[in-house]
Amino acid sequence: MISNLFNSFENFDYLSLIGITLIFYTTYYYFKYFIRINPLPGPFPFPYFGNLPQLYIEHGGNFKRLYEFNHKKYGDLYEVYFGTRVIVLNRSEYVEKLLSASTKNPHFTKLSDDDSKGFYELGIMGKGILLNQEFQSWRYNRHFFTQAILSPKFIHEATYWTSKLFNELESYWDKLYINGGNRKAFDFNMWSNQFTNDMIISLLTGERSYTMAGYFNELNDNEKVERPSALIDESVKFVHAIRKHILGFSMFQVVSPFLRHYFPYFKSKSNDMNQNLKYLNQRFDSIIKKRRQEIENIPLDQPLSNDMLTSVIIANIPRDVNYVKNVNDQSMRPLKFMVLYLME
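The sequence shown begins at 0 in numbering that gives the first Met the number 0 and counts up by one.
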């Protein structure tokens, strides 16, 4: 009897089983699709993939192009399928309630558990401001962030760095386009991005960033910035990693866990994103540890810099004029996500 059972398994047609399973799933998928509540216009979805084929094949993975195309085709209100059904709003009056800061806002939770699985996998859900749906934690982080950027000392710091970095930017332009006679096209958008990168990193971490210097070295073959090349390369790598994370983490929302873990194309991108995030966490941790050590070595009668990282660190020690007892090491983590939030 046992031998007959094994023979039956040997003769079993697994391809037929897979085919039947796919047919049943496809039938069920489209049955649920056609009887959905409040149907809206939108691109036709595919089983397992939703509208990923339209995103990656027709629009090269560019969400902006996809949404602009659908807006022109379907109007101000339409739906797309990325793992789950997503309703896209294209008028300001539709989203005012969603963005309300009121504690009575009934729309505070914007992501379902299914939509946020990928963000939990990355370890960025429930932290900082942008992806934090735990109200008490979000309110504390938002309050701290608002107080930090509105303080007179921080505004003075921002003014100082704006002037300093813009003077540096002008010197690069003088050498390249005025005195240097560089014939390459002047890309104001690219220079603005590098200026913004250096500004945000300096204000939030207290460390210099040298992406403007790196871009200058890239354009100028005759003269290089008098900075160690390793320092410039590390700054450029750090900022590129932040931008890569910001532009790529949306894949963890729109691509299902099954595709991310088992489909080669998405698995490769998922692994790459995880490695990139690992590097960012290590880099942020090293910046925090270094800044803590610097603060410990500065005498109490000497002033500290007014960057946001320093404000977070001294918030837990009597050195802060506004001593807050409930700040702990875990409070350092929102800073990482504030950097990502600002550079988006």
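Each residue gets a CB set at the ideal place from its N, CA and C atoms; glycine is no exception.
Keep in mind that this is a model prediction, so the values were computed, not measured.
- Taking a cut-off of 8 Å for Cβ pairs, the stretch 203-213 and the stretch 303-311 touch, as three or more such pairs fall below it.
- With the rule of 3 Cβ pairs closer than 8 Å, the stretch 48-67 does not count as touching the stretch 18-36.
- If the five residues before and after Pro42 are omitted, its C-beta is found closer than 7 Å to the C-beta atoms of Asn50, Gln53, Asn69, Val79, all from its own chain and listed in chain order.
- Thr210 counts as buried, since at least 16 other C-beta atoms from the protein chains shown sit within 10 angstroms of its C-beta.
- In the displayed model, Gly213 falls within a helix according to three-state DSSP.
- Short of 6 Å from the beta carbon of Trp190, and not among the five residues preceding or following it, lies no beta carbon of its own chain.
- Leu76: member of the beta strand (DSSP E) spanning 76-81, first to last residue.
- When rounded, the separation of the alpha-carbon atoms in Ala229 and His142 is 37 Å.
- Within 10 angstroms of the beta-carbon of Tyr171 lie 16 or more other beta-carbons, which makes it buried.
- In the three-state DSSP reduction, Phe45 falls in the strand class (E or B).
- In this structure, DSSP gives Ile86 an extended state, which the three-state scheme calls strand.
- Leaving aside the five residues that flank Ile231 on each side, the residues in its chain whose CB is nearer than 6 Å to its CB run, in chain order, Tyr209, Ala212, Gly213.
- Put simply, the backbone Cα of Gln252 is about 31 Å away from that of Ala147.
- Residue Asn273 holds the alpha-carbon nearest to the alpha-carbon of Ile245 among Asn273, Ser267, Tyr264, Phe262.
- Across the structure, Leu39 and Gly59 are spaced so that their CA atoms are roughly 25 Å apart.
- The beta carbons of Phe265 and Leu258 sit closer together than 8 Å.
- Each of Arg290, Gly117, Asn61 was checked against the Cα of Val254, and the nearest Cα belongs to Gly117.
- If you look at Arg64, you'll find it in the alpha helix (DSSP H) that goes 62-73.
- Ranking Leu175, Ile128, Asn37 by CA distance to the CA of Glu217 puts Leu175 first.
- Cβ-Cβ distances below 8 Å link Arg84 to Arg35, Glu78 in the same chain, with the five nearest sequence neighbours on each side left out; the list follows chain order.
- Runs of the beta strand (DSSP E) lying entirely within the stretch 213-246, each at least 3 residues long, are absent.
- Annotation: Met124 to Asn221 spans about 47 Å, alpha carbon to alpha carbon.
- In this structure, the alpha-carbon of Tyr66 lies about 12 Å from that of Glu57.
- C-alpha of Arg290 to C-alpha of Leu303: approximately 11 Å in a straight line.
- Secondary structure of Gln301 (DSSP, three-state): coil.
- Going by DSSP, Met250 is part of the alpha helix (DSSP H) stretching over 250-253.
- A straight line joining the alpha-carbon of Ala157 with that of Tyr27 spans about 57 Å.
- For Leu175, no alpha helix (DSSP H) segment is defined, and its DSSP state is neither H nor E.
- Taking the Cβ atoms as the reference, Phe215 lies roughly 6 Å from Val224, within the contact range of under 8 Å.
- Leu14 is classed as exposed because its beta carbon has fewer than 16 other beta carbons within 10 Å across all chains shown.
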